[in-house]
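One structure is given below, encoded as structure tokens.
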Amino acid sequence: MNIVQLDPCVFDILVLLFYIFLFPGGIFESIESGPSGAEELAFKFALNTINRNRTLLPNTTLTYDIQRINIFDSFEASRKACDQLSLGVAAIFGPSHSSSANAVQSICNALGVPHVQTKWKHQVSDNKDSYYVSLYPDFSSLSRAILDLVHFFKWRTVTVVYDDSTGLIRLQELIKAPSRYNIRLKIRQLPTETKDAKPLLKEMKKAKEFHVIFDCGHEMAAWILKQALAMGMMTEYYHYIFTTLDLFALDMEPYRFSGVNMTGFRILNTENSQVSSIIEKWSMERLQAPPKPDSGLLDGFMTTDAALMYDAVHVVAVAVQQSQQITVSSLQCNRHKPWRFGGRFINLIKEVTHCQCYQCAPCPHP
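Heads up: the sequence shown begins at 2 in my numbering, then just goes up one per residue.
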């Protein structure tokens, strides 16, 4: 298996010794009565790390308030955002799904409050979104990297298998390739209502499609590999590229001697000692939770979503450290009176460097 290294730190109530500074509000999506997601867990983990470390904000204790909404509930997301803004927050993180994220982003832009995201989102350049910050890698860079791999491997026929329509946006560089290069491209979609990909894999096997790019999450990737193994599609004739940044979180032991070629990407530099230390602490806490049998995933591994959340906490915390004479105030969604320090604070967030994060507290990126 090949791993290509890409080069690319919420947070609610921040209690100071002498006064209260409201840190960003966190809005997380979850299935009703379901377990906390990776982002929410990383939210808590990062705050606890800062509180224990005392290097970044030595005179500060971080506490938090977490608001949960149902997936794709943009109305509830807007309501929760307004509730948190009325408390007087310095930024809002989340939610992750597009419709809800767009609703919160619109409110934050109107009231001059930074909106921080760590999930991939198709972002159209717009001056109205000057209060939006994303820590997720630029999708066009990943798309070009995949096209470079196709050239490197000298593939002339390629099958792209995508999970949802956003994959077609992320892979634009590759999809436009046939008009510029001598590449034959076939595009297929994974089933939307089930994890059973065997009918699709059967068609691909019959058509002798050996060079395949899968655009899907790491959990679906684990299911695909299991089914491909059962169908005899994990031999030396096949080469799979996965766009997920979490291929390393899959249990590859069942495929070690199959002969199949697999290529993936990651942005976590696990060879860095600071990163390894963070991942180890994260894993120790996660392993206390019940394991997911037959998931095809390594128990307790820190995913990219979790690492980006950890970074986001530290980025905003460094901005708080750098800020002087900035105070938060209660903002009302129905009054449209923006936060007077919002412009200065979003600039501080955008100016934070990896070096600043590492001097204060280790982040999962080099």
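Note that beta-carbon positions come from the ideal geometry of N, C-alpha and C, so glycine has one too.
Assigned exposure category for residue i - 16 Cβ within 10 Å defines buried
i: H192; result: Correcting the residue identity first, residue 192 is Pro in this sequence and not His. Under this definition P192 is an exposed residue.
i: I350; result: buried
i: A231; result: exposed
i: N110; result: buried
i: D312; result: buried
i: S97; result: buried
i: M285; result: exposed
i: E352; result: exposed
i: F266; result: buried
i: I347; result: buried
i: C361; result: In this predicted model, C361 has a pLDDT of only 46, less than 50, meaning its place in the structure is not dependable enough to derive any value.
i: D139; result: exposed
i: E237; result: exposed
i: F258; result: exposed
i: D216; result: buried
i: H219; result: buried
i: F29; result: buried
i: G113; result: buried
i: F73; result: exposed
i: F153; result: exposed
i: G95; result: buried
i: T354; result: exposed
i: T328; result: exposed
i: L23; result: The pLDDT assigned to L23 is 49, lower than 50, so where the model puts this residue is not dependable, and the model offers no usable value.
i: F249; result: buried
i: F12; result: Only weak support is given to the placement of F12: the predicted model assigns it a pLDDT of 33, under 50, and the value that follows is read from those uncertain coordinates. Classification of F12: buried, given that the 10 Å Cβ count is 16 or more.
i: G26; result: buried
i: E41; result: buried
i: G168; result: buried
Residue i versus the options, residue with shortest Cα-Cα distance
i: R157; options: K187, E174, R145, S131; result: K187
i: E210; options: I268, Y241, S101; result: Y241
i: A318; options: S37, F342, R171, T56; result: T56
i: Y239; options: N273, Y256, Y65; result: Y256
i: D300; options: R287, L309, I280, Y137; result: R287
i: I170; options: K282, T244, Q106; result: T244
i: A208; options: M221, H219, E220, R189; result: R189
i: F44; options: V321, W283, F342; result: W283
i: R345; options: E281, A320, K338, N52; result: A320
i: Q325; options: G343, M310, L309, Q173; result: G343
i: V1; options: L58, E77, A39; result: The structure shown does not extend to residue 1, since the chain is modelled only from 2 to 367, so the question has no answer here.
i: F46; options: N60, K206, L309; result: L309
i: T50; options: I280, P339, R336; result: I280
i: N60; options: N71, V314, Q322, Q173; result: Q322
i: G233; options: E254, M205, M221; result: M205
i: R341; options: K155, V314, A91; result: A91
i: S278; options: F302, M263, T264; result: F302
i: M221; options: D164, A39, E77, P339; result: D164
Contact belief for residue i with residue j at Cβ below 8 angstroms, rounded distance in angstroms
i: D252; j: T305; result: Actually they do not touch by this definition, with Cβ atoms about 17 angstroms apart.
i: A102; j: Q118; result: 6 angstroms
i: S31; j: R80; result: In fact, because the Cβ distance is near 16 angstroms, the residues do not count as touching under 8 angstroms.
i: Y133; j: H116; result: 5 angstroms
i: K122; j: S135; result: 7 angstroms
i: V151; j: L175; result: 7 angstroms
i: Q333; j: S87; result: 6 angstroms
i: A82; j: I93; result: 6 angstroms
i: V276; j: L269; result: 6 angstroms
i: S75; j: S100; result: 5 angstroms
i: S331; j: G89; result: 5 angstroms
i: A229; j: L202; result: 6 angstroms
i: L172; j: V162; result: That pair is no contact at about 11 angstroms.
Min CB distance residue i to chain B below 9 angstroms
i: K199; result: The structure shown contains no chain B; it holds only a single protein chain.
Next item on the list: Mind listing, in chain order, the continuous alpha helix (DSSP H) runs of no fewer than 4 residues lying wholly within the stretch 306 to 344?
Entry: Within the stretch 306 to 344, no complete alpha helix (DSSP H) run reaches 4 residues.
Margin query: Pairs of beta-carbons, one from the stretch 128 to 148 and one from the stretch 191 to 207, closer than 8 angstroms: are there three or more?
Written below: Flag = no, the stretch 128 to 148 and the stretch 191 to 207 do not touch.
Note to self: With a threshold of 8 angstroms, are at least 3 pairs of Cβ atoms found where one atom belongs to the stretch 169 to 188 and the other to the stretch 217 to 234?
What the structure shows: Result no; under three Cβ-Cβ pairs closer than 8 angstroms.
Next item on the list: Just list the alpha helix (DSSP H) runs in the stretch 70 to 140, keeping only unbroken ones of 4 residues or longer that don't cross its boundaries, in chain order.
Entry: With a minimum length of 4 residues, the continuous alpha helix (DSSP H) runs that stay inside the stretch 70 to 140 are 75 to 88, 99 to 112.
Checklist line | 3-residue-minimum beta strand (DSSP E) runs that sit fully inside the stretch 176 to 203, ordered along the chain | finding: Correct list: 185 to 190.
Next item on the list: May I have a chain-ordered list of the beta strand (DSSP E) segments no shorter than 3 residues that lie completely inside the stretch 210 to 240?
Entry: Listed in chain order, they are 212 to 216.
Next item on the list: Just list the beta strand (DSSP E) runs in the stretch 261 to 292, keeping only unbroken ones of 3 residues or longer that don't cross its boundaries, in chain order.
Entry: Runs found: 262 to 267.
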